[in-house]
Amino acid sequence: MREDPILIVENLKKYFPLGGGFLKKPTAQVKAVDGANLVVKRGETLALVGESGCGKTTMGRCIVRLDEPTEGKIYFEKENILGYRDKKLRQLRRDMQVIFQDPFSSLNPRKTVEYIIGEGFVIHRLYSKRERQERVSELMELVGLGPELRGRYPHEFSGGQRQRICVARAIALQPKLVIADEPVSALDVSIQAQILNLLVDLQEKLALTYLFISHDLSVVRHISNRVAVMYLGHIVEQASREVLFKEPAHPYTEALMAAVPVADPFRKKHAIHLEGDVPSPLNPPSGCSFHPRCRYFQDVCRKTPPVMEEIDAGHEVACHFPRIT
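Encoded structure:
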């Protein structure tokens, strides 16, 4: 892992309009991502974690321009990609790829595996027809599938095999950044370990950088180098994996870590019960978005949004009263 960033996200916002209709103005906005900042270093695995609905997937989709951000800047290799159009945007697709959560719905059921994996070669006009076939066979072997299966359709594979096809498609164009959106959450536990190990091996072989989106902290602990915690559209804490799991500073991160199951039946853990439900992104709370559920909140939390500050080397937190040990 190198220290120079491959991706920098600044004040990213994505609002979805609600209400209205034909020629009518929207009556409200869902603030899915609301001023998020993120830095991904070249060659690392940065995990983006948080509860369902916190904006993780939307942020990932905005980064690869599947959704257009409402506001903000996204720098990929020091260039703001939000200005990209047509030819430059197509070139960006070669450098940034996605592994989606559901391997079945993300594969075209009418196309063979050979077509699915090799479609990028056709779009970008790479290789001859014979070279494409050879390259598809190499990719299938690389992800643990027999090349003799390339004429089959997605429904003829198991869930784990389909996700291997998705991985092969994602790495086919030799991208620099792969956004893995809950890539193992739809799989059995035993298959999850295989896919995670595959991703680790491919990272070493192909010098990949991962933005790994997940809500499963046990998976994150296995695969990540650094972790960013997201809550209601905001990044509230960032640190190395070791520091975040050992010394969480934000009350929300502290609650997440306390909820991780422990394999030792004789080890006692102090459970932290968060009050209430996650607020609606339609009408987020004033000040700190976590204050209605925080057991440490004070009056300033209700009035003033906290600023992300570094409390230790590489450890940043957005909290007025971080839990510093």
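Okay, so the sequence shown: first residue is 2 according to the numbering used here, each after it adds one.
No residue lacks a Cβ here, since even glycine has one placed at the ideal position from N, Cα and C.
Quick caveat, the model's predicted, so the values are computed rather than measured.
(1) Alpha carbon to alpha carbon, what distance is there between P306 and P323?
(2) Which residue comes first and which comes last in the beta strand (DSSP E) that contains Q30?
(3) Cα separation between V41 and Q162?
(4) For H235, report the span of its beta strand (DSSP E) as first-last.
(5) Between the alpha carbons of P70 and T28, how many angstroms are there, rounded?
(6) P286 to V123, Cα distance in whole Å?
(7) Cβ of K57 within 7 angstroms of any heavy atom in the ligand FAD?
(8) Does the structure place the segment 140-151 close enough to the segment 108-120 that three or more beta carbon pairs sit under 8 angstroms?
(9) Run through the segment 40-115 for me and flag every whole alpha helix (DSSP H) of 4 or more residues, listed as ranges in chain order.
(10) Is DSSP giving K14 helix, strand or coil here?
(11) Can you say whether I82 is buried or exposed, counting buried as having 16 or more other CB atoms within 10 angstroms of its CB?
(12) Output needed for V221: all residues of its chain with C-beta closer than 8 angstroms, excluding positions within five of it in sequence on either side, in chain order.
(13) Considering only the beta carbon of each residue, do G277 and R294 sit closer than 8 angstroms?
(14) Roughly how many whole angstroms lie between the Cα atoms of L209 and K32?
(15) As a quick exercise: from G234, A260, I236, pick the residue whose alpha carbon is nearest that of F246.
(16) Just reading off the alpha helix (DSSP H) that V301 is part of, what are its end residues?
(17) Judging by CA-CA distance, which residue of Y128, F77, R136, K57 is the nearest neighbour of K177?
(18) Within its chain, find whatever has a CB closer than 6 angstroms to the CB of Y16; leave out the 5 residues flanking it on each side and keep chain order.
(19) What residue from P282, Y211, C302 has the CA that sits closest to R43's CA?
(20) Quick check: the segment 232-242 against the segment 193-205, are there 3 or more CB pairs under 8 angstroms?
(21) Do the segment 175-191 and the segment 94-102 touch if we need at least three Cβ pairs shorter than 8 angstroms?
(22) For my contact list, G145 and R165 are in at a C-beta cut-off of 8 angstroms; report their separation, rounded to the angstrom.
(23) Quick check on the burial criterion: 16 or more other C-beta atoms within 10 angstroms. Buried or exposed for V301?
(24) State the start and end residues of the unbroken beta strand (DSSP E) segment that holds Y211.
(25) On the CB-based measure, 16 or more other CB atoms within 10 Å of its CB, does E4 come out buried or exposed?
(26) Compute the beta-carbon to beta-carbon distance between E11 and G73, rounded to the nearest angstrom, for a pair I have assumed lies under 8 angstroms.
(27) Give me the residue from H321, K304, L188 with the minimum Cα distance to A250.
(28) Since H316 is in the beta strand (DSSP E), which residue starts that stretch and which ends it?
(29) Where does E157 fall in DSSP's three states?
Checking against the coordinates, here is how it stands:
(1) 14 angstroms
(2) 29-42
(3) 29 angstroms
(4) 235-241
(5) 19 angstroms
(6) 48 angstroms
(7) The ligand FAD is absent from the structure shown, which contains no ligand whatsoever.
(8) yes
(9) 57-64, 87-96
(10) strand
(11) buried
(12) A48, V50, F213, S215, V228, R242
(13) yes
(14) 31 angstroms
(15) A260
(16) 300-304
(17) F77
(18) Q30, K32, T71
(19) Y211
(20) no
(21) yes
(22) 6 angstroms
(23) exposed
(24) 210-215
(25) exposed
(26) 6 angstroms
(27) H321
(28) 316-318
(29) helix
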